[in-house]
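As structure tokens, the structure follows; a few thoughts come after it.
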Amino acid sequence: MAPDRSVDAVVVGAGFAGLYMLYRLRQLGLSAQVFETGTGVGGTWFWNRYPGARCDVESLQYSFSFSEELQQEWEWTERYPAQSEILRYLDHVADRFDLRRDISFDTRVTSAIYDDAAKVWRVETDGGTTITARFCIMATGALSAARQPDIRGLDSFAGKWFHTGRWPHETIDFTGQRVAVIGTGSSGIQTIPVVAKQAAHLTVFQRTPNFSIPAWNGKLDAAHQEAWKADYAAHRVSARDTRSGILYEYSQRAAFDVTAEEREAEFERRWARGGANFVHSFNDIFVDRAANDVAAEYVRQRIRALVTDPMVAARLSPTDHAIGTKRICVDTDYFQTYNRDNVTLVDVRATPIVEVTPSGIRTTEAEYALDSIIFATGYDAVTGALGRIDIRGRDGIALKEQWATGPRSYLGVAVAGFPNLFVITGPGSPSVLTNVVVAIEQHVAWTADCLAEIARRGAATIEATPDAQEQWVAHVNEVADRTLFPSTNSWYMGANIPGKSRVFLPYVGGFGNYSRICDEVVSDGYRGFRFE
Ligand code: NA7
């Protein structure tokens, strides 16, 4: 079929990645079409409107650095940005750079098929549009494919149910209601304290307890913001040199290089400061089980101090995984919420959910009458959004089939057999282990430079070589195996999705190291890539 249109580049997604990619494509003088499922920009931040939704990276760091004017003019109001503030920011970015005119909203890309003869990508949408493009850029997000567990009887439920990652746009008021939250990851931990204050009764269905550190969120001090902005560019440079693209205090000491009292004091200090900085208290927490155990025990001790009922405190205390090997949660009054009279914690490992009935949830032990159910059950992370699109490269090979035993990419941005396809923060790149805005900016800039190089060389395509890809995959696995991460059943490992292959999805070698490798690949004449 003849395409409706032809452009230089199609971008899938209009979150942080898609917006910045469009900005860079325009700078290169390339025509672009962005497709976005939501009715507005923002991606993950468009959908995650649940009560309490907030970023776990501080505002001054979780923002674009590509425009000095933008980073100077935008005023953040809180230490950690609420979802509504991030969305306002992204709306501002879209307007400021006049990005919307190249974005088709309310449009899902259903397939992207490479035509080897014409050397173009043929992209189809659910609206029936077909567009061809030389370059296809997946800015589909690592945490965008919401995962709804298959629980018997949900269709029969007479009340309302929601997923945190697909929250409706109208205000949902739980006042006076009997509400359930299923899931106690970051989303559950954020929403539970807020919903508990509204609901008549809240029942939390927990399968695995998580480690969480207080955010101590509050209004951003104007003088602090001003001082930070005075030196913004330097802060950004320093952040890019770190392991996670975030300016934390990365300790140079190992946990057992200090006395027990010093360790305790360090944990204490970091707890009082709040946030994920805690897991960097010592430099061996992610690699040494004993070091990890002392940090984990400190948090468990805190939970016991915060939660009045010792049985509930024990149930809330994680013992099945090393701290930090699931993304650490950052909360406001999470553990204290269980001291409220209107909150009940149900351990669904001990008493599994059997079914949803018209009036509530039935476990093996009891029936809970409910008006609303909130699923905070996470995402098919890192590869899920790509898997929902029929992506086919050379010879009609489907990406999904090629990745059936785990994703294989070169640098997490390119895939052998898929010429001119770029994945922003794809599997095998630091992505979800970082401040994702920093990771996105690096991937987008690298991709834009690559497109400029293609033009300079007068090449039609660029493609990762199978050898370079195999070496990269081996390196990604080798680095992961040196840490405690693979020991945990986490979404980093694909373990939350039945049937998903168990592979450590992101690159744990550190953002700073990773971006140096990407730069070296370029200075070595795009080592591991083939231009045609
Ligand atoms: P997560 O971190 O994947 O958390 C999902 C939670 O839902 C987790 O506690 C799961 O328990 C639980 N879950 C999933 N399926 C079920 C079923 N069927 N029954 C009971 N409980 C279930 O997702 P989030 O949205 O909280 O956070 C994702 C990331 O977004 C986060 O890490 C930040 O980076 C931002 P499990 O642990 O699998 O036993």
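Every letter in the sequence shown is one number past the one before it in our numbering, and letter 389, counting from 1, is 790. Glycine included, each C-beta is placed from N, C-alpha and C at the ideal position.
Among the residues of its own chain, which have a CB less than 6 angstroms from the CB of residue i, if the five just before and after it don't count?
i, result
"Ala881", "Pro887, Phe905 and Val909"
"Ile514", "Arg523 and Arg793"
"Pro820", "Thr862 and Glu864"
"Ile775", "Phe563 and Val582"
"Tyr874", "Residue 874 is actually Val in this sequence, not Tyr. Hits under 6 angstroms: Arg809."
"Leu555", "Val757"
Is residue i near the ligand MN, judged by its Cβ being under 7 angstroms from some heavy atom?
i, result
"Ser587", "Among the ligands present in this structure, namely the ligand NA7, the ligand MN is not found."
Which residues does DSSP pair with residue i in a beta bridge?
i, result
"His602", "Arg579"
"Thr526", "Val510"
"Glu756", "Arg763"
"Gln434", "Val411"
"Val731", "Ile614"
"Lys561", "Ser773"
"Thr533", "Ser407 and Arg523"
"Gln428", "Bridge partners of Gln428: none, in fact."
"Ile504", "Val435"
"Leu746", "Val605"
"Ala547", "Tyr780"
"Asp516", "Val521"
"Arg931", "Glu864"
"Lys901", "Answer is none; Lys901 lacks a bridge partner."
Would you say residue i and residue j are within 8 angstroms of each other, going by their C-beta atoms?
i, j, result
"Gly785", "Ala546", "yes"
"Pro907", "Pro808", "no"
"Thr884", "Val688", "yes"
"Leu834", "Ser587", "no"
"Thr726", "Ser891", "yes"
"Ala655", "Asn684", "yes"
"Cys730", "Ile590", "yes"
"Phe558", "Val757", "yes"
"Met539", "Ile825", "yes"
"Val411", "Ala495", "no"
"Ala696", "Ile704", "no"
"Thr530", "Asp405", "yes"
"Phe447", "Leu420", "no"
"Tyr735", "Gly566", "no"
"Cys537", "Leu822", "yes"
"Ala723", "Leu429", "no"
"Val580", "Ser432", "no"
"Arg690", "Pro610", "no"
"Asp791", "Ser464", "no"
"Asn740", "Val783", "no"
"Val747", "Thr765", "no"
"Leu800", "Val816", "yes"
"Val413", "Val510", "yes"
"Ile957", "Val680", "Only positions 402 to 933 of the chain appear in this structure, which leaves residue 957 out of reach."
Within 10 angstroms of the Cβ of residue i, are there 16 or more other Cβ atoms? Answer buried if so, exposed if not.
i, result
"Pro759", "exposed"
"Ser639", "exposed"
"Gln473", "exposed"
"Ala597", "buried"
"Asp499", "exposed"
"Gln872", "exposed"
"His564", "buried"
"Glu369", "The structure shown does not extend to residue 369, since the chain is modelled only from 402 to 933, so the question has no answer here."
"Ser832", "buried"
"Met712", "exposed"
"Ser682", "buried"
"Gly797", "exposed"
"Arg928", "exposed"
"Arg425", "buried"
"Gln549", "exposed"
"Gly676", "buried"
"His844", "buried"
"Ala869", "buried"
"His602", "buried"
"Asp732", "buried"
"Ser613", "buried"
"Arg664", "buried"
"Gln484", "buried"
"Glu842", "buried"
Given residue i, which residues of its chain have a CB within under 7 angstroms of its CB, disregarding the five upstream and five downstream residues?
i, result
"Thr445", "Gly416, Gly542, Leu544 and Ser545"
"Thr738", "Ile593, Pro594, Ala597 and Val744"
"Gly761", "Glu768, Tyr769, Ala770 and Leu771"
"Leu621", "Ser460, Trp477, Thr478, Glu479 and Arg480"
"Phe506", "Glu437, Gly439, Thr440 and Gly441"
* Asked: Whole beta strand (DSSP E) runs in the stretch 839 to 875 with 3 or more residues, listed along the chain?
  -> The stretch 839 to 875 contains these whole beta strand (DSSP E) runs: 863 to 865.
* **Segments of 4+ residues assigned as alpha helix (DSSP H) that fall wholly inside the stretch 446 to 493** => Qualifying alpha helix (DSSP H) stretches, in chain order: 469 to 474.
* **Sequence ranges, alpha helix (DSSP H) only - wholly within the stretch 785 to 834, length at least 4** => Runs of the alpha helix (DSSP H) lying entirely within the stretch 785 to 834 and spanning at least 4 residues, in chain order: 785 to 788 and 800 to 803.
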